[in-house]
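Quick note: the sequence shown, position 21, residue 17 per the working numbering, numbers continuous.
As structure tokens, the structure follows; a few thoughts come after it.
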Amino acid sequence: MMFIYFLLFTALGIFFGKATESDPKMGVGWILAIAVFWGFVSAPIWGLAALGEMLLGFVIATVIMPKKPATKGGKEGD
């Protein structure tokens, strides 16, 4: 069950990293809000764990999978 939470929160971090590429502070804000909420719902330690997992996904989305530059003309090979 814990592995499922790891995958879920990492995927949420990747989602927020990709959805807020133009404003990363907004993505980090959402991540913090979800982690605080999760800490109140389950336990503070699980809120911290969720924060770490979502930040891992956020870093994966912003550093390892950066936005690809647009090509001229919209087609490859132009």
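Here a beta-carbon is modelled for each residue, glycine too, at the ideal position from N, C-alpha and C.
### Query
With 16 other CB atoms within 10 Å as the buried threshold, where does I60 fall?
Within the sequence shown, residue 60 is the residue found at index 64, counting from 1. Exposed is the call here.
#### Entry: C-alpha gap between F98 and V24, whole angstroms
Summary: the structure shown does not reach residue 98, with the chain confined to residues -3 through 74, and so no result is reported for it.
#### Entry: Cβ-based neighbour list, F2, same chain, cut-off 7 Å, excluding 5 preceding and 5 following
Here residue 2 corresponds to residue number 6 of the sequence shown, with the count starting at 1. Excluding positions up to five away in sequence, the list reads E49.
### For G53 and T6, believed in contact at Cβ under 8 Å, the rounded distance
By one-based count along the sequence shown, residue 6 stands at place 10. By one-based count along the sequence shown, residue 53 stands at place 57. Their Cβ separation, rounded to whole angstroms, is 4 Å, which keeps T6 and G53 in contact under 8 Å.
### Task
Using three-state DSSP, classify M61 as helix, strand or coil.
Locating residue 61 in the sequence shown gives position 65, counting from the first residue. Here M61 sits in coil by DSSP.
#### Entry: Integer Cβ distance of L44 from G9, believed to fall under 8 Å
Taking the sequence shown and counting its residues from 1, one reaches residue 44 at position 48. Taking the sequence shown and counting its residues from 1, one reaches residue 9 at position 13. Actually they are not in contact, since the Cβ atoms of L44 and G9 sit about 14 Å apart, beyond 8 Å.
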